[in-house]
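Trainee: For the numbering used here, count along the sequence shown from 1 and bump the result up by 343.
Ideal Cβ placement from N, Cα and C applies to all residues, glycine included.
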Amino acid sequence: MADTFDLTIIGSGPGGYVCAVRAAQLGMKVAIVEKWPNFGGTCLNIGCIPSKALLHVSELYEEAGHSFPQLGIDVGTPRINLEGMMAHKDDVVKSNTSGIEYLFKKNKVTAFRGTGTISAPGKVTVTAEDGGVTEIATKNIVIATGSVSANLPGIEIDEERIVTSTGALELSKVPGHLLVIGAGVIGLELGSVWARLGAKVTVVEYLDRILPGMDGEVAKQFQRMLTKQGFAFRLATKVSGIEKSGEGIVATIEPAAGGDAAQIEADVALVAIGRLPYTQGLGLESVGVELDKRGRVVTDNRYSTNVEGIYAIGDVIAGPMLAHKAEDEGIAVAELLAGQAGHVNYGVIPGVVYTSPEVASVGRTEDELKAEGIAYKAAKFPFTANGRAKAMLATDGFVKILADKATDRVLGCHIVGKGAGEMIHEAAVLMEFGGSAEDLARTCHAHPTMSEAVREAAMGLGDGSIHI
Ligand code: FAD
Ligand code: NAI
344 MADTFDLTII GSGPGGYVCA VRAAQLGMKV AIVEKWPNFG GTCLNIGCIP SKALLHVSEL
404 YEEAGHSFPQ LGIDVGTPRI NLEGMMAHKD DVVKSNTSGI EYLFKKNKVT AFRGTGTISA
464 PGKVTVTAED GGVTEIATKN IVIATGSVSA NLPGIEIDEE RIVTSTGALE LSKVPGHLLV
524 IGAGVIGLEL GSVWARLGAK VTVVEYLDRI LPGMDGEVAK QFQRMLTKQG FAFRLATKVS
584 GIEKSGEGIV ATIEPAAGGD AAQIEADVAL VAIGRLPYTQ GLGLESVGVE LDKRGRVVTD
644 NRYSTNVEGI YAIGDVIAGP MLAHKAEDEG IAVAELLAGQ AGHVNYGVIP GVVYTSPEVA
704 SVGRTEDELK AEGIAYKAAK FPFTANGRAK AMLATDGFVK ILADKATDRV LGCHIVGKGA
764 GEMIHEAAVL MEFGGSAEDL ARTCHAHPTM SEAVREAAMG LGDGSIHI
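1) Taking 6 Å as the cut-off, does the CB of residue 445 come closer than this to any heavy atom belonging to ligand 2?
2) Under the DSSP definition of a beta bridge, which residues are partnered with residue 722?
3) Along the chain, where does the beta strand (DSSP E) containing residue 466 start, and where does it finish?
4) For residue 516, name the three-state secondary structure that DSSP assigns.
5) If you draw a straight line from the C-alpha of residue 739 to the C-alpha of residue 476, how long is it?
6) What does the Cβ neighbour count give for residue 299, buried or exposed, with the cut at 16 atoms within 10 Å?
7) I believe residue 679 touches residue 371 by the beta-carbon criterion, under 8 Å. Please report the beta-carbon distance rounded to the nearest angstrom.
8) Look up residue 587 in the DSSP assignment and say whether it is helix, strand or coil.
9) Got a sec? Which residues, its chain only, sit under 8 Å from residue 729 by beta carbon, not counting five neighbours each side?
10) Between which two residues does the alpha helix (DSSP H) harbouring residue 404 extend?
11) Quick test of the definition: if touching needs 3 or more C-beta pairs under 8 Å, does the segment 354-369 touch the segment 482-490?
12) Are the beta-carbon atoms belonging to residue 404 and residue 421 less than 7 Å from one another?
13) Kindly examine ligand 1 and report whether one of its heavy atoms sits closer than 6 Å to the Cβ of residue 508.
14) With DSSP as the reference, label residue 636 as helix, strand or coil.
15) Which value, in whole angstroms, describes the spacing of the CA atoms of residue 594 and residue 608?
16) Consider the C-beta atom of residue 284 and the heavy atoms of ligand 2; say whether any pair is separated by less than 6 Å.
17) Could you give the residue range of the alpha helix (DSSP H) that holds residue 443?
18) Between residue 621 and ligand 2, is the CB less than 6 Å from at least one heavy atom?
19) For the 8 Å Cβ check, are there 3 or more pairs between the segment 690-705 and the segment 561-577?
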């Protein structure tokens, strides 16, 4: 039997490890249980971090081939060294995951390697890969076991020809034709990686639009940009089967509303139709922790489950499956357990699609404001009218700001453009402080920056933008 802990966290993804560090900083004796060889969960090992490494390399490769000549740089035709690109990705993952080990040591968090099962409230059993069992006694438990890729019925993932995001992060060669199932964040990000490296990419999406949940106008314009980059879209279409054939695959597709089936041949199929909460092996049934219809752990506004002393955060509970949402919940639950007033403002969680250009969003979309019957005003500013964007050949996209018609309070901001994922935070901070479009418009912005477009959009909600 190990020592008694104040808090034991199961899962070391961004939810779990951040919770562990904050709880230790607040004076708790903390244990964390992780079944994978490296800490950091989906995000650091097979998600955010490796995908951004590949997006960065492929973006530079694409720029070297296409923008460099226009900028007066002559490097000849660039060649991609796939092994080198993958080695960079693996180095970045290693450096980040070992950083978590350092944080645990620094904050005196005790790590247990193995699968954690809640044997009773206050008791976690850890089963190591070699079968060794350790019992942990603990005052509180946080479930932070994350999510796994969803699959289509009857389709066998081999992570080589029929892959999830995990396989798509380590293909051994650039596919001639990549079929992406699902026009969500994973499909468009990883589709972009392989498209830039030379693959033909066809995206089959069940709905009649891409990026559901993002602002409709943004999604429409962004789809046009991706089409110009060579993406082919089959919207309102579903995949009803995938067979391996020769060296590749053949997928059967059908109109979502019903109709004649057709076939698409490709080298690799990426199934990117969402992720499912992961609670397998936790023993939740025996301790009576309630799950909802979608398999998510049900929590109240203090992250408490229906069983006293058992909490849950991150992808395994309701809300957007985002690393920063998991992290913020990790901090909030640690603070609540320490008697502080931890909370997460779910109205101001930015979302970023790390394509080129990036798509970033915070707050309400126009579609949501219309549905809620809120009187709003909207203004847009295009990067074609921004000096810095012209200098960088980054004029694709725009900033759109939505504000309350009566009070001018900013309700949402949506940006398509280079660096959108960084720029969105000025809107996020503004919204956290309940700021108005006028507050943003009167804030001096350095020139020349892409961020001036954010200010110009805010000006458009008052007396008018200067540069359009
Ligand atoms: P996870 O990160 O999934 O971690 C759960 C951990 O729990 C894992 O390490 C698992 O091994 C462990 N575990 C599970 N069960 C047990 C058990 N019984 N015992 C012990 N350990 C257990 N989000 C963003 O915000 N930005 C991005 O750019 C982004 N990119 C992504 C790209 C891809 C390809 C994918 C797949 C996801 C991406 N995400 C991104 C989503 C992000 O990865 C998740 O939202 C985030 O990792 C959720 O964190 P979590 O702590 O809830 O769970
Ligand atoms: P997603 O929910 O973003 O998109 C899935 C898409 O698949 C949707 O458009 C959906 O309509 C479509 N779909 C569902 N079933 C289908 C079917 N049978 N046929 C065709 N299309 C179908 O999920 P995705 O892209 O798998 O990502 C999972 C999670 O990971 C997301 O919640 C996302 O937040 C997170 N993530 C975040 C990233 C970021 O923040 N940059 C990057 C990658 C993932």
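Mentor: This is what the structure holds:
1) no
2) 744
3) 466-470
4) Three-state DSSP puts residue 516 in coil, outside helix and strand.
5) 56 Å
6) Because the chain spans 344 through 811 in this model, residue 299 falls outside it and cannot be assessed.
7) In fact, because the Cβ distance is near 12 Å, the residues do not count as touching under 8 Å.
8) strand
9) 738, 791, 793, 795, 796, 799, 810
10) Run containing residue 404: 391-414, per the alpha helix (DSSP H) assignment.
11) The segment 354-369 is in contact with the segment 482-490.
12) yes
13) In this structure, residue 508 has its beta carbon less than 6 Å from a heavy atom of ligand 1.
14) coil
15) 6 Å
16) Nothing can be reported for residue 284, as the shown portion of the chain is limited to 344 through 811.
17) Start and end: 425-449.
18) no
19) yes
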